[in-house]
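In the working numbering, the protein residues as written are 2 to 583.
Report on the structure given below.
Spelled out as structure tokens, the structure:
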């Protein structure tokens, strides 16, 4: 029987989308932006200590190989010729830090993550003194908080009237960014110290580790990163677009271990995959696009104009606004970062970024901790049953409040409860909380930019929840616009790869960009009601502050024992008790 004829679809572009919880490989038609096939593999996180989050770089790399192989198999089943894949882009979780041996290709420690959301140098979690270091072979992920004491020590060395770190990087000194994780590794992991001394160590964020490995590793692998990922290390000068010697000296980082910084769209090297894998069929395909995940989503949403913004709803929310060729420094708790640079000779674009720590995470909390729902999808059904929170407000400040408050003493509260309140109202309040937090970020962004957004473009897993999207439009009181194809992060990486000089299969000219089908959510309440709900939310936020003090657990226990002694209660009224405990 004759073999089935392969479908001819024109040039295809693949994208590696490496996130905190999973890795995916997706293949797009470069002429229509249609997603043809993909495969996803879950990634484990390790928690060796309170506040420590790590991942195994080798597991991450293997997941990429597996995703590429499985996607190629699926394309074959669809009779799509994988030889039409002309380029590959990489999108990655940002800030997560890897150090490896360039002679053996082995990671020298786990990938170390960044905290859930960036903020000023305030204690959130401190590594216990004398804590042992976990075994080598893993990396530091972006959620990790072990570097708080490192940050506090560094902060003391910045002159009060000259915060050169923020002026050069656009970032606050924080556990979130790569420089302090790398400093921690140099201070605490002997294998890293020894490799640096012997000139064997290479540092990179996840994109660097993947590109180096996929282009040959110890056999000529390319050690590079792009401007978007470099801008999240706190070692990169976002004005000169170079590693900054003063910053490297401040953090004590040897510059020779840093990757070469390239644009977000150019050929970095060619794929060299083990021939033991079927994915060896992609041997020789150029890797020609690289963007940190939030920048990739900005590109995938085609936010190429000054003032365009997108919000990605995942574990947290990340709202980025394109500020064009100028750096806008926030006075309202937002970050200044590199948005993209789509070619070696193309101009750099900047963005303001605001982050919400708890978005999708609050849904998982209701499922896993309270058991209110059995699956994340159920929350939409519960919220729909009542259509209101009935005056119940949920502030999910599980680890403090982030932008624009930066208040580490806050903790989560549910308030406005009555005997009528049930789990449906709490579910609705949880969805509203995501929307209210986004409103606070958007308000800060509007004040910094001076031009209010006319609409908000959205993406991410939570956008499939129609009640959430309608609530977001009501609370922002502007339209919310959602693309029908939700994989905007991977699409952005594919667009950058396909548009690279020497590849040229994806045009980024406005007239050539494929029209994207959008779902639009218009505000359905009046402006007055929207403002009343928002002002009540802000009152709830104020109630959440000041819960955590510097008191030790022992002193809290002693105070409680004293409080509950019989004479104490005889002389107290409820108001005094309320003030004491709040």
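For each residue, glycine too, the CB sits at the ideal point set by N, CA and C.
Reduced DSSP category for residue i - H, G, I as helix; E, B as strand; rest coil
i: residue 206; result: strand
i: residue 519; result: strand
i: residue 10; result: coil
i: residue 144; result: Note on residue 144: pLDDT 46, under 50, position unreliable in the model; the coordinate value appears next. Coil, per DSSP.
i: residue 261; result: strand
i: residue 284; result: coil
i: residue 539; result: helix
i: residue 380; result: helix
i: residue 321; result: strand
i: residue 481; result: strand
i: residue 91; result: strand
i: residue 545; result: helix
i: residue 551; result: Its pLDDT being 47, under 50, residue 551 is placed unreliably in this model, and the value from its coordinates should be taken loosely. In the structure shown, residue 551 sits in coil (DSSP, three-state: anything other than H, G, I, E or B).
i: residue 364; result: helix
i: residue 289; result: strand
i: residue 86; result: strand
Cβ-based neighbour list, residue i, same chain, cut-off 8 Å, excluding 5 preceding and 5 following
i: residue 244; result: 231, 236, 237, 238, 256, 259, 262
i: residue 328; result: 171, 239, 240, 337, 351
Beta-carbon gap between residue i and residue j smaller than 8 Å
i: residue 435; j: residue 363; result: yes
i: residue 111; j: residue 57; result: yes
i: residue 155; j: residue 174; result: yes
i: residue 414; j: residue 541; result: yes
i: residue 68; j: residue 25; result: yes
i: residue 469; j: residue 432; result: yes
i: residue 100; j: residue 223; result: no
i: residue 449; j: residue 353; result: yes
i: residue 290; j: residue 430; result: no
i: residue 452; j: residue 531; result: no
i: residue 590; j: residue 179; result: An answer regarding residue 590 cannot be provided, because it is not within the stretch 2 to 583 covered by the chain.
i: residue 401; j: residue 408; result: yes
i: residue 312; j: residue 457; result: yes
i: residue 268; j: residue 19; result: no
i: residue 227; j: residue 92; result: no
i: residue 384; j: residue 425; result: yes
i: residue 60; j: residue 44; result: yes
i: residue 630; j: residue 395; result: Nothing about residue 630 can be read from this structure; the chain reaches only from 2 to 583.
i: residue 463; j: residue 360; result: yes
i: residue 548; j: residue 410; result: yes
i: residue 593; j: residue 27; result: As displayed, the chain neither begins before 2 nor continues past 583, which places residue 593 out of reach and without an answer.
i: residue 517; j: residue 484; result: yes
i: residue 308; j: residue 445; result: no
Endpoints, the alpha helix (DSSP H) within which residue i is located
i: residue 179; result: 179 to 189
i: residue 165; result: 165 to 170
i: residue 301; result: 294 to 301
i: residue 491; result: 489 to 500
i: residue 151; result: 149 to 156
Nonlocal neighbours in the same chain, by C-beta distance under 6 Å from residue i, ignoring five residues either side
i: residue 492; result: 301
i: residue 11; result: 32
i: residue 215; result: 272
i: residue 62; result: 214
i: residue 345; result: 264, 267
i: residue 16; result: 27, 90, 491, 494, 495
i: residue 14; result: 29, 31, 88, 495, 498, 499
Range of the contiguous beta strand (DSSP E) that encloses residue i
i: residue 113; result: 112 to 114
i: residue 268; result: 266 to 271
i: residue 312; result: 310 to 314
i: residue 102; result: 98 to 102
Same chain, Cβ closer than 7 Å to residue i, five either side skipped, listed in chain order
i: residue 201; result: 102, 103, 104
i: residue 535; result: 437, 440, 476
i: residue 480; result: 456, 474, 521, 522, 523
i: residue 35; result: 29
i: residue 421; result: 391
Closer than 8 Å to chain C by CB, residue i
i: residue 299; result: Absent from the structure is chain C; it holds one protein chain and no more.
Q) Which parts of the stretch 15 to 82 are runs of the alpha helix (DSSP H), unbroken and 4 residues or longer, counting only runs that do not cross its ends? A) Taken in chain order, the complete alpha helix (DSSP H) segments of 4 residues or longer contained in the stretch 15 to 82 are 58 to 78.
Q. Which ranges does the alpha helix (DSSP H) cover as unbroken runs of at least 4 residues, wholly within the stretch 397 to 469, from first to last along the chain?
A. If we require 4 residues or more, the alpha helix (DSSP H) runs fully inside the stretch 397 to 469 come out as 424 to 450.
Q: For the stretch 325 to 360, list the beta strand (DSSP E) runs that are entirely contained and at least 3 residues long, ordered along the chain.
A: Secondary structure in the stretch 325 to 360: the beta strand (DSSP E) runs of 3 residues or longer, each lying completely within the stretch, are 336 to 341, 350 to 357 in chain order.
Q) What are the complete beta strand (DSSP E) segments, minimum 3 residues, inside the stretch 203 to 253? A) Whole beta strand (DSSP E) segments, 3+ residues: 225 to 227.
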